[in-house]
Amino acid sequence: MLRIDGRDLEADDDKTLLEAAKDAGIIIPTLCHHPALTPIGACRLCSVEIERNGRKKVVTSCNYPVEEGLVVETSSPDIFSLRSMILELLLARSLGEARIAALAKEYGVSTPRFKLADESCILCGLCTRVCQELVGVSAMSPILRGVERAVDAPYRDFSEDCMACGACALVCPTTAINKMKNIYPLTSDEAMEVEGSLLQGDADEEIGVYSEIFGSRAHGEGQDGGAVTSILASAIEGGAIDAAIVVMPEDEYRASASMVDDLDGVMASAGTKYVRVPLVPKLLEALGSGKRRIAVVGTPCAIRSVRKLQAGGYLREAFPGAEIVLVGLFCFESFDPARLKRHMRDLFSIDLDEAQRVQISRGRFSIFIGDEEYSCRISDLEDDVREGCEYCGDFVSRLADLSIGSVGSPEGYSTVIVRSDRGRRLLSTAKFSRGEVDLGDISKLCAIKRRRAEKRFALIIDGLGR
Ligand code: SF4
Ligand code: SF4
């Protein structure tokens, strides 16, 4: 038993003071707390006074555990003035931030006495914790010390890990996340804006905005009907693009981003590896080297990252005249190469590095080595799925100019979704035989992936309590 604000309460000793108070209907303000994340007491706004064995001290309630016999004051005059001071400092740091200003006003602060700084970030660390602890990719972290302390991607470079899920933007109590350029958080509202402003066609709830969808069979070595390889080859040969950013298979079961600007490069990139590869750094490198008309071929998360840079105006300002056309692949999830390799060795006694081809089709994962095919259900690979994929609800690259994948088309064909005039122009140079598409197959997978992501995000949104 403990006493909070004069009330005797029972609380489990695995709870924090903040949780015990909340359970009793006593609300303690906080800016850096989220129930699904490790509490770190960064903002100190949840400070309370505790008394134990006749000794009093101030602690942060979000990370102080319940103790038998503890006496807690959550809103004494001393605590009120401590919070006023904290909010005055935060307000001086981030004067334009509505949430800070509103909270400060509740504590009697409207104009800070301190020197103003032009920062939006209050260093609460919610973004870095959600990215690390829930999404699982650790695309950014706290950097530097003292007055220079900030959050950013490693080396303050364009992130190689951010998958544009938008979780950090959801939890950030200020506008700071959206001002960062080295990561690419795209919220669902922003994604809808992109669909409305950059894409053309009718909007389907699951498949997104598109003007045409068809099955295509191309001649070439690529997988899933060879559509991507064929489109890139004819676009480069016909001079429609200067280069393409693609995922290039490597010796072992690995892949990396690569810029290709001739037929050999395009052919070398044919085939799919089902690993997540960051494309933004390579795209910026290509733009930096003077290329301007570039096709980017990638998974939905890679496409979202580039769209974020476009939507924020960064690409337009840094590289005037750049014309980026986005070719998005269908992707349900990608795998961690090391885990998948171990799993396949245990399951089939094979070395994944020796695979000539891997394929995901009709719920099965297949590996082709020599004349043999090794196949298992996708659902058996749950433990091999790469962290972060469950936060991506986009199966068909809804933000691409062209989306391409095998689902919905018969063996040997690719499904092609045309979403913009730019996508249509890229497609116009390639030659296909056309086939029918089963929209139901595509929509079903879209819905499963969307619902899985919504469930993950619900945990984040519920915990915000806003
Ligand atoms: S960017 Fe936002 S969430 Fe991240 S530390 Fe700063 S204020 Fe907190
Ligand atoms: S958008 Fe997602 S992956 Fe990128 S930094 Fe934010 S939380 Fe991490």
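Residues 191 to 656, numbered by my numbering, are exactly what the sequence shown covers, in order. Glycine is no exception: its CB is placed at the ideal position from the N, C-alpha and C atoms.
Item: Which stretch, first to last residue, makes up the alpha helix (DSSP H) that contains Gly478?; Value: Val470 to Gly478
Item: On a Cα-Cα basis, can you pick out the residue from Arg407, Val384, Glu350 and Asp195 that is closest to Gly503?; Value: Val384
Item: So is the beta-carbon of Tyr374 under 7 Å away from any non-hydrogen atom of ligand 2?; Value: yes
Item: Between which two residues does the beta strand (DSSP E) containing Gly595 stretch?; Value: Leu592 to Gly595
Item: Could you tell me whether the stretch 377 to 391 touches the stretch 532 to 549, where touching means 3 or more Cβ pairs closer than 8 Å?; Value: no
Item: I'd like to know whether the C-beta atoms of Cys317 and Cys358 end up nearer to each other than 8 Å.; Value: yes
Item: Report all residues from its chain with a CB closer than 6 Å to the CB of Cys521; omit the five preceding and five following residues, and keep chain order.; Value: Thr489 and Pro490
Item: Leaving aside the five residues before and after Asp268 along the sequence, list all residues of the same chain whose C-beta is less than 7 Å from its C-beta, in chain order.; Value: Glu239
Item: Is it the case that the stretch 640 to 652 contacts the stretch 422 to 431, given that we only count it when at least three CB pairs across the two stretches are under 8 Å?; Value: no
Item: Regarding Cys521 and ligand 2, is the C-beta to nearest heavy atom distance less than 7 Å?; Value: no
Item: Please indicate yes or no: does the CB of Ala366 lie closer than 7 Å to some heavy atom of ligand 1?; Value: yes
Item: For the stretch 201 to 287, which segments carrying the alpha helix (DSSP H) assignment without a break, of at least 4 residues, lie completely within its bounds, in sequence order?; Value: 207 to 213 and 267 to 283
Item: To the nearest angstrom, how far is the alpha carbon of Cys252 from that of Lys212?; Value: 11 Å
Item: Going by the C-beta, is Pro363 closer than 7 Å to any heavy atom of ligand 1?; Value: yes
Item: Might you give, ordered along the chain, the residues of its own chain that have their beta carbon closer than 6 Å to the beta carbon of Cys236, omitting 5 neighbours on each side?; Value: Leu208, Ile218, Thr220, Thr250, Ser251 and Cys252
Item: Which of the three DSSP states is assigned to Gln413 in this structure?; Value: Legend: pLDDT at Gln413 = 46, less than 50; position of this residue unreliable, no value from coordinates given.
Item: Is Cys321 near ligand 2, going by C-beta to nearest heavy atom under 7 Å?; Value: yes
Item: Cutting at 6 Å between CB atoms, please list the residues of its own chain near Ser633, excluding the five before and the five after it.; Value: Glu396
Item: Quick check: what's the CA-CA separation for Leu601 versus Ser587?; Value: In the sequence under discussion, the amino acid at residue 601 is Glu, which differs from the Leu named in the question. Straight-line Cα distance between these residues: approximately 21 Å.
Item: Taking 7 Å as the cut-off, is the CB of Ile312 close to at least one heavy atom of ligand 1?; Value: yes
Item: Identify whether Cys566 lies in helix, strand or coil by the three-state DSSP scheme.; Value: strand
Item: Can you determine whether any heavy atom of ligand 2 sits closer than 7 Å to the C-beta of Gly356, and answer yes or no?; Value: yes
Item: Over the uninterrupted beta strand (DSSP E) stretch that includes Gln549, give me the two end residues.; Value: Arg547 to Ser551
Item: Is it buried or exposed for Gln549, if we count other Cβ within 10 angstroms and need 16 for buried?; Value: buried
Item: Check whether the Cβ of Gly653 sits closer than 7 Å to any heavy atom of ligand 3, and report yes or no.; Value: With respect to ligand 3, the structure offers nothing, as its ligand set consists of ligand 1 and ligand 2.
Item: Mind checking Gly598: buried by the 16 CB within 10 Å criterion, or exposed?; Value: buried
Item: Taking Tyr297 and Leu277 to be in contact with their CB atoms under 8 Å, please state how far apart those CB atoms are, rounded to whole angstroms.; Value: 5 Å
Item: State buried or exposed for Thr301, treating a residue as buried only when at least 16 other CB atoms are found within 10 Å of its CB.; Value: exposed
Item: Helix, strand or coil for Thr489? Go by DSSP, reduced to three states.; Value: coil
Item: For Glu580, collect the residues of the same chain with a Cβ closer than 8 Å to its Cβ; drop the 5 residues on either side in sequence, then sort them by chain order.; Value: Glu523, Arg642, Ala643 and Arg646
Item: What's the C-alpha gap between Ile312 and Met275?; Value: 15 Å
Item: So is the beta-carbon of Cys579 under 7 Å away from any non-hydrogen atom of ligand 2?; Value: no
Item: Would you list the residues sitting across from Ala340 in a DSSP beta bridge?; Value: Ile333
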